[in-house]
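To keep things clear, I will list the structure first and then write my remarks on it.
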């Protein structure tokens, strides 16, 4: 078996952004059931080492394909595109403006301990994140427009970070 | 020494042999050992029928250390030499300990880990834990009538790398083969999950004597997948005792006391806490060495008030774990209670309230971890060709490196499924820089000073280049025990400087040998003889594994000449074992390992193909 095959091939999936999450979970579980180090705890050194390598590789592939961000970034890498490269930072002005507005609202909601405000902000950001994911699917799978997908991905990254900050804000309010 | 039995090459005896394997719960307050007997996991009792072994070690001026109930009984007579809750010191420096002045021990600050001065000299927490493990090992070997093949030892899920490494080192000191370090809540989930065969999301709330863990698990078709874990490795029943103890001092207006009296009152505080799990109030009476009399009554209401802060302190990590798992309390199908401290009624009520359901307490919270560990040990030892369940656990804390400005760059995020490896590239800061310090840290905070320093090593021999031109690739690997190893190499120019480190607090082979020599009952024992015995065990294990692999798919995967080559290596191994020459056994072991690598790889491929085939058949709906 080829250690260099791509993550999709490892799980017997086609390399597209839209994936069957259940099929991924199932393939992951079945593969780990065969190769996890716990299956080789009583085996020889060579098998133990291989089991750790395969299991590590399987975890890495699973984590990459499970996360929409990592999966899209990986699909672009398969096309030779480093979407998150430090040179790829140009973003449309209106997008950045909206991000700044949202960040200000977040600070305000946090300062005022405004739980409802935080929830409203979270809903708006989640809706935008969903929209970007749909766009990513269209960019990557239907149009195969990889430069466009790269920009959408960078936008999505902003949203993910912002949602993580909202999570932290909830934690601070608790 | 009994002669080792060697079977004929090619004849597989391994699958029929029942290997003696145990699960060990090395607890803060109590420890247990369990095994699977006739398919059922059972705790092994001591010769007087008692399941628990108090985790108390007492060092004597003459003679072997005493472990367990006998040591516990002398706690207040001999407080300096009677060590309780040693688990709290594992992998900890003096500065990590909360209020060491309230403890009756003579601490010695040492790099990496604190040490304690006793009547037989300075001892490390690793050596003390080894005494407890030795007592459990002897109990198991007596009960099972043979030498142990291996053990699964449980650790709190929130234990960091230093604490895990220290636990593994303690096992090494007593010659226990550690099949796996298993997280305590995960062990409890195995014990519960296999009994109830349920699917869904479960939370395991584990409040022991000195540690608190919360784990969120998903059970799907026999796979136990830990989604998130959190906790506090310095919060447990001991803290409840201390609150009661402080209340007692306050009520009776005592301040300065002898170590004897401190130990006596701590024991009384604990008794009161235990009484309150079943009664509305507890009477506390004691006569101090000064002749002073203490006579107090503590009600459950007062106790709850005193400890409300501690209960609250367990709910914060619980919330964090749920958030990391991306779940709400309502998604949790069952809450498993583990650890003696969950007997406290107020805790059961608070956890029930938080999750909106009555927690599960049908298995003994003191035994459930050991029972689960034994089930896992039985599988890992190879006694059961176990295809129907698997554990996928996580690394509890983020791992990273120090970068410019005293900040931590995270490389492996917390709650990553293990085993895992991650690499990241770094570069030089100055022109002509030829060395780089790699500082490995564990923790969630951004600043180096707020995280735990695991190791610091230097990568030398970087070819001089302009700043930013070198490419230093640092790789973190966390194995299935949750233990980290780090390697770094310069890849930019093809000139490779490569270094592999285990974090520095782990014991070196020399240190283990020294500790063995120093320990009283090994003074007469020959260290060389012991090493030979270990080599033999390792060699035999490899022979067994190779033979069962050959029996399973030797015919299908090997050509006749390949098969003959492995048989010849097995023959050489048997010859080496017969000579009893350590270096010959070592050489033969290495040769057999080397010679079976390709076979191992083919076997692994068979497994991978089998997994994918099964998956495709399901896809087309057969």
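Protein chains in written order, with my numbering: chain A, 1 to 174; chain B, 1001 to 1622. For every residue, glycine included, the Cβ atom is placed at its ideal position computed from N, Cα and C.
- Under the three-state reduction of DSSP output, residue 1037 of chain B falls in the strand class.
- Proximity of residue 67 of chain A to chain B, defined by a Cβ-Cβ separation below 8 Å, is not satisfied.
- Per DSSP, residue 166 of chain A has no beta-bridge partner at all.
- When 7 Å is used as the limit between beta carbons, residue 1144 of chain B is near no residue of chain A, the shortest such separation being about 17 Å.
- Take residue 1432 of chain B, set aside five residues on each side of it, and the residues of its chain with a beta-carbon closer than 7 Å to its own are 1464, in chain order.
- Taking 8 Å as the threshold, the shortest C-beta distance from residue 1063 of chain B to chain A does not fall below it.
- Annotated three-state conformation of residue 1018 of chain B is coil, per DSSP.
- Among the residues facing chain B, residue 50 of chain A is included, as its CB has a counterpart in that chain under 8 Å away.
- Here DSSP, grouped into helix, strand and coil, assigns residue 156 of chain A to helix.
- About 5 Å separates the CB atoms of residue 1595 of chain B and residue 1569 of chain B; that is less than 8 Å, so the two are in contact.
- The straight-line gap separating the alpha-carbon atoms of residue 1172 of chain B and residue 1391 of chain B is approximately 24 Å.
- DSSP places residue 1224 of chain B in the uninterrupted beta strand (DSSP E) bounded by 1223-1232.
- The continuous alpha helix (DSSP H) containing residue 1248 of chain B extends over residues 1237-1252.
- For residue 19 of chain A, no chain B residue has a Cβ inside 9 Å of its Cβ, as the nearest lies near 13 Å away.
- For the options B:1225, B:1132, B:1353, the alpha carbon positioned closest to that of residue 1215 of chain B is the one of B:1225.
- For residue 1423 of chain B, there are no C-beta contacts with chain A under 8 Å, since the nearest C-beta of that chain is about 10 Å from it.
- Look at residue 1025 of chain B: its C-beta is not under 8 Å from any C-beta on chain A.
- Contacts with chain B at 8 Å (Cβ-Cβ) include residue 46 of chain A.
- Residue state for residue 1151 of chain B is assigned as strand, using DSSP reduced to three classes.
- Between residue 1553 of chain B and residue 1451 of chain B, the alpha-carbon positions lie close to 48 Å from each other.
- One Cα belongs to residue 79 of chain A, the other to residue 14 of chain A, and the distance between them is close to 15 Å.
- Interface criterion not met: the Cβ of residue 4 of chain A is under 8 Å from no Cβ in chain B.
- Listed in chain order, the alpha helix (DSSP H) runs fully inside the stretch 1056-1109 of chain B are 1069-1073, counting runs of at least 4 residues.
- Check the Cα spacing between residue 1142 of chain B and each of B:1397, B:1030, B:1044, B:1269: the tightest is with B:1044.
- Think of a sphere of 8 Å around the beta carbon of residue 1419 of chain B: the chain A residues whose beta carbon falls inside it are 37, 52, 55, 56, 59, in chain order.
- Assigned with DSSP and collapsed to three states, residue 1123 of chain B falls in strand.
- In this chain, the alpha helix (DSSP H) harbouring residue 1259 of chain B covers 1259-1275.
- With contacts defined by Cβ atoms closer than 8 Å, residue 1204 of chain B and residue 1336 of chain B form a contacting pair.
- Its chain contains 1091, 1155, 1181, 1481, 1482, 1483 as the residues whose beta carbon lies nearer than 8 Å to that of residue 1164 of chain B, once the 5 sequence neighbours on both sides are disregarded; these appear in chain order.
- Close partners of residue 1221 of chain B in chain A (Cβ separation under 8 Å): 29.
- Around residue 1601 of chain B, the beta-carbon contacts reaching into chain A at under 7 Å are 50.
- Residue contact with chain B for residue 139 of chain A: absent (no Cβ-Cβ distance below 8 Å to any residue of chain B).
- Membership of residue 35 of chain A in the alpha helix (DSSP H) is indicated by the continuous run 21-35.
- Counting the other Cβ atoms within 10 Å of the Cβ of residue 174 of chain A gives fewer than 16, which makes it exposed.
- By the rule that beta-carbons nearer than 8 Å mark a contact, residue 41 of chain A touches chain B.
- Per DSSP, the unbroken beta strand (DSSP E) holding residue 1487 of chain B starts and ends at 1484-1490.
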